[in-house]
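Everything on this sheet refers to the single structure shown next.
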Amino acid sequence: MKYGVNEQGYYGDFGGAYVPEMLYPNVEELRQQYLSILDDPAFRAEFDKLMKDYVGRPSPLYFAKRYSERYGANIFLKREDLNHTGSHKINNAIGQILLAKRLGKKRIIAETGAGQHGVATATVCALMGIECVVYMGEVDMARQAPNVSRMKMLGAKVVPATSGSKTLKDATNEALRDWIANPVDTHYIIGSVVGPYPYPEMVAKFQSIISYETKKQLLEHTGNELPQYVMACVGGGSNAMGMFYHFLDDEDVKLIAVEAAGKGVDSGHSAATTFLGKEGVLHGSRTILMQTDDGQVVEPYSISAGLDYPGIGPQHAHLYKIKRAQYASVTDDEALQAGLLCCQLEGIIPAIESAHALAQLEKMQFKANDNVVICLSGRGDKDLDTYIKHFGY
């Protein structure tokens with residue numbers, strides 16, 4: 009793959025594995041074994057069966073008629089919100105729990121922002137009967153309370169992260185500390201395309217089922233497997249990487265990633281990483297992150313807990329730097345308006361994360377026959393309180 013990872017774990021200038029000495033054996037074990045495990049026919053058969061029978065794949069590619077009329081193009085929604093647990097996060101969680109079992113791990117830890125990855129991880133741990141601990145920012149626990157309850161019902165222990173901005177970044181810090189303290193029996197299921205190599209590549213591979221299915225489904229809908237545009241929201245960037253993966257080498261397909269501008273890119277309350285960040289190391293990999301002149305991480309802000317992260321995955325940083333993908337941003341208000349519009353035009357309540365990608369449609373101009381695919385990464389049940397408070401319903 010032209011834009012894939014090299015043997016050292018880098019995408020161009022980004023990636024690698026910057027980890028404490030105590031974590032080196034874990035990361036090295038993963039690096040040495042994950043490809044052979046993923047290529048094992050027995051692993052693949054178990055993964056594919058769970059994707060079909062448990063997750064409900066393939067997820068539909070839905071032609072959004074009223075959206076298409078509004079924007080003057082053929083708009084398709086890849087319905088990851090219809091997966092079991094309500095988001096794309098279950099694809100990666102299934103893959104990593106099967107991997108952890110083959111590595112002989114007895115305990116799972118995870119971090120979560122919007123709670124979707126936490127719910128997915130708690131779900132697969134319940135399915136496999138494995139202990140599960142999920143770290144979540146205290147602020148996110150309050151604004152995503154239904155997902156906290158779901159995790160607890162599934163048997164997971166949810167640990168609040170009370171440092172920093174008490175959001176996803178701080179939950180990730182706490183999960184890494186746990187892994188350092190429990191390096192032998194514990195597997196860390198990272199939920200996005202971030203962290204030390206091989207995590208970014210491994211998560212992207214598990215999520216690549218999104219674009220794999222999209223190509224086949226688009227061929228059935230239009231007679232051509234290649235759209236003009238592929239769009240997705242980006243925090244760490246897992247749904248976007250899954251949506252882009254099998255289109256990366258198709259240079260005529262324009263890839264659009266949408267970050268959270270929060271209250272405005274220049275407001276001081278934003279998570280628009282490519283606009284505000286510069287190169288550095290975050291959570292084990294070299295990437296682009298929001299930081300001060302002396303390298304301290306800048307606290308991000310977004311109304312969407314899943315996009316409230318100060319960096320992006322290293323492959324996204326590479327795609328941004330070489331201009332293979334375009335990175336845009338929309339504000340909280342624009343995203344909420346787009347979420348409401350999706351309700352009223354298509355009868356779908358999207359996660360606020362996904363609504364960021366939908367909001368970008370307002371800023372684009374299409375030709376009449378353009379085919380546009382947007383990843384609807386999650387459903388908005390968890391965000392109802394936020395929608396209700398904003399619009400007064």
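Under my numbering, residues 9 to 401 are what the sequence shown spells out, in order. Cβ atoms here follow ideal geometry from the backbone N, Cα and C, with glycine treated the same way.
Using a C-beta cut-off of 8 Å, the stretch 181-190 makes contact with the stretch 157-172, since at least three inter-stretch Cβ pairs fall below that distance. In this model, alanine 101 and isoleucine 217 are separated by some 13 Å (Cα to Cα). Spatial neighbours of threonine 281 in its own chain (CB-CB distance under 7 Å, excluding positions within 5 residues in sequence) are listed in chain order as Glu267, Ile296, Leu297, Met298, Pro318, Gly319, Ile320.
Counting along the chain, the unbroken beta strand (DSSP E) around threonine 194 starts and ends at 194-197. Taking arginine 39 as the centre and dropping the five residues before and after it, the same chain places the C-beta of Pro206 closer than 6 Å to its C-beta, in chain order. By the C-beta density criterion, proline 308 is buried, having at least 16 other C-beta atoms within 10 angstroms. By the neighbour-count criterion, in which a residue is buried when 16 or more other Cβ atoms sit within 10 angstroms of its Cβ, alanine 150 is exposed. Between alanine 376 and glutamine 345 a beta carbon distance of about 25 Å is seen, past the 8 Å cut, so the two are scored as non-contacting. Its Cα nearest to that of proline 204, the residue Phe22 stands out among Asp389, Phe22, His398, Ile360.
Burial state of lysine 114 is exposed, judged by a 10 Å Cβ sphere holding fewer than 16 other Cβ atoms. Nearest Cα to glutamate 287 within the set Asn82, His92, Ser44, Tyr328: Tyr328.
For leucine 106, same chain residues with a beta-carbon under 7 Å away, outside a window of 5 residues either side, are Phe51, Glu54, Phe55 in chain order. Per the Cβ contact rule, the stretch 187-202 is not in contact with the stretch 333-344 (fewer than 3 Cβ pairs under 8 Å).
About 4 Å separates the Cβ atoms of lysine 174 and glycine 145, confirming a contact at the 8 Å cut-off. When the beta-carbon positions are compared, glycine 243 and leucine 315 come within less than 8 Å of each other. When DSSP states are grouped into helix, strand and coil, arginine 115 belongs to the strand group.
Proximity to leucine 69 across Met59, Glu77, Tyr75, Phe84 peaks at Phe84, based on C-alpha coordinates. The beta-bridge partner set that DSSP reports for cysteine 351 is empty. Selection Tyr79, Ser76, Gly64, Ala81 evaluated against asparagine 99 yields Gly64 as nearest (Cα-Cα). In this chain, the beta strand (DSSP E) harbouring leucine 263 covers 262-270. Around proline 28, the same chain offers Ile188 as residues with beta carbons nearer than 8 Å, after the five sequence neighbours per side are excluded. Annotated three-state conformation of leucine 384 is strand, per DSSP.
Using a 10 angstroms sphere on the CB of glutamine 225, the tally of other CB atoms reaches 16 or more, which defines it as buried. For the pair threonine 131 and leucine 162, the CB atoms are nearer than the 8 Å cut-off. By the criterion of a C-beta distance shorter than 7 Å, tyrosine 18 is surrounded in its chain by Gly24, once the five residues flanking it on both sides are discounted. If you draw a straight line from the Cα of valine 192 to the Cα of serine 44, it comes to about 20 Å.
Counting only the Cα atoms, lysine 60 lies some 10 Å from asparagine 91. Bounds of any beta strand (DSSP E) do not take in proline 49; it lies within the alpha helix (DSSP H) bounded by 49-58. A distance of 8 Å or more separates the beta carbons of alanine 265 and tyrosine 220.
Under the DSSP definition of a beta bridge, methionine 239 partners with Ile264, Ile382.
Counted as a single uninterrupted DSSP element, the alpha helix (DSSP H) harbouring arginine 158 occupies residues 153-161. In terms of Cα proximity to lysine 331, the closest of His125, Ala128, Leu263 is Leu263. In the DSSP assignment, glutamine 299 falls outside any alpha helix (DSSP H), carrying neither H nor E. Looking at the DSSP output, tyrosine 19 bridges to Phe22.
Burial state of leucine 392 is exposed, judged by a 10 Å Cβ sphere holding fewer than 16 other Cβ atoms. By the Cβ-count criterion, leucine 227 is exposed, with fewer than 16 other Cβ atoms from all chains shown falling within 10 Å of its own Cβ.
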